[in-house]
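One structure is given below, encoded as structure tokens.
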Ligand code: NAD
């Protein structure tokens, strides 16, 4: 299939490479010439603008952009996709943005005669490279079925979450819970260690008891508990504090739009904000435990 792809950064770059590996042909666009060159070297054709992607013969167009402002400008701008794309071409936005913006862009696409899916991902850059991402997809079931074989070249868990925007709903709800649970595990681990307990023994108890969760058993924030976790390599790599902060901001913004209280989500956002303001935005988000550790 011929596919247009916009946004070739840490996530979009490897995702586009996996589409090429699966035998699709690609026309790509990014504001960064370096990111563009990497894909051209791998066999993609470069386009000079979103409009040029739209005017090509792509049957499907995918975007992977930083935030809602970029998505709106790429889709709704004068030189954007909707002003130039043929009706019927399927549009898939994989960026993480707030659900209401996703619905607004999908509505504009529908008015232009283009079906659109929101398909944010989890799995990070490792999952993007390995082609094992989880896609949370919002839009019609018929469009989901059409997109499924293409998404399967980039991910292994592809879930239809319901109507337009619901992929983003699933993503913000999950990541808000992740941000909160990491703080809970940090608080409990720091308390236990301060009271004289060995961190590894405490983690073992939690992980076979009712406090167990992904933040405790797969990604424990205490250094040395899990060799594979970012905590055991100085909180490098992994999922950055500023990316968690972005997702908590989306959750609290979406909550405000529907009058839904997210008390712990808002508190978690403030804690990560304060941690980031201390110069830690680039550290993995599990480093939030350093707000609690007396010895850190
Ligand atoms: P990134 O900053 O590495 O890449 C974004 C790319 O978009 C850049 O190459 C940039 O040049 C390009 N871009 C910006 N504006 C553009 C425009 N108008 N037209 C074309 N290209 C443009 O970001 P990333 O880490 O790849 O993240 C992309 C999205 O995926 C974000 O919404 C992020 O929240 C989400 N996400 C990231 C991760 C992660 O671990 N990095 C995990 C899950 C989801």
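Numbering (our numbering), first residue to last: 13 to 308. In this text, a Cβ means the ideal position worked out from N, Cα and C, and glycines have one as well.
Can you check DSSP and say which residues form a bridge with residue 169? Residue 169 is bridged to 146.
Residue range of the alpha helix (DSSP H) that residue 256 falls in? 253 to 270
Is any non-hydrogen atom of ligand 1 found closer than 8 Å to the C-beta of residue 82, if you look at the structure I gave you? Yes, ligand 1 has a heavy atom inside 8 Å of this Cβ.
Can you check which of these residues, 170, 15, 77, 131, is closest to residue 65 by C-alpha distance? 15
Drop a sphere of 10 angstroms on the beta-carbon of residue 115, count the other beta-carbons inside from all chains shown, and report buried for 16 or more, exposed for fewer. buried
Extent of the continuous beta strand (DSSP E) run through residue 188: Looking at the DSSP string, residue 188 is not in any beta strand (DSSP E); the run it does join, the alpha helix (DSSP H), is 178 to 206.
If contact is defined by three or more beta carbon pairs under 8 Å, each pair taking one atom from either stretch, is the stretch 263 to 280 in contact with the stretch 191 to 201? yes
Own chain residues within Cβ distance below 8 Å of residue 73, not counting five before or after: 15, 16, 17, 18, 65, 66, 93, 97, 101, 102, 103, 104
Mark residue 39 as exposed unless 16 or more other C-beta atoms lie within 10 angstroms of its C-beta, in which case mark it buried. buried
Would the C-beta of residue 259 count as close to ligand 1, meaning under 8 Å from any of its heavy atoms? yes
Segment limits, alpha helix (DSSP H) that includes residue 227: 226 to 229
Using a Cβ-Cβ cut-off of 6 Å (strictly less than) and excluding sequence neighbours within five positions of residue 30, which residues of its own chain qualify? The answer, listed in chain order, is 143, 165, 166.
Restricting to Cα atoms, I'd like to know which of 120, 122, 109, 232 is closest to residue 184. 109
Kindly indicate the opening and closing residues of the beta strand (DSSP E) around residue 39. 37 to 41
If you check the beta carbons only, do residue 86 and residue 111 fall under 9 Å apart? no
From what residue to what residue does the alpha helix (DSSP H) around residue 275 run? 275 to 287
Euclidean distance between Cα positions of residue 27 and residue 232: 28 Å
Note down, in chain order, each residue of its chain lying with its Cβ closer than 7 Å to the Cβ of residue 170, except the 5 sequence neighbours on either side. Excluding residues within five positions, the ones whose Cβ falls inside 7 Å are 147, 149, 160, 163, 164.
Pull the bridge partners of residue 134 from the DSSP assignment, please. According to DSSP, residue pairing for residue 134 in a beta bridge involves 146.
Suppose only complete runs of 4+ residues qualify. What are the alpha helix (DSSP H) ranges in the stretch 85 to 117, listed by chain order? Annotation: the stretch 85 to 117 contains no complete segment of the alpha helix (DSSP H) (minimum length 4 residues).
Assuming residue 264 contacts residue 281 under a Cβ cut-off of 8 Å, what Cβ separation, rounded to an integer in Å, is found between them? 6 Å
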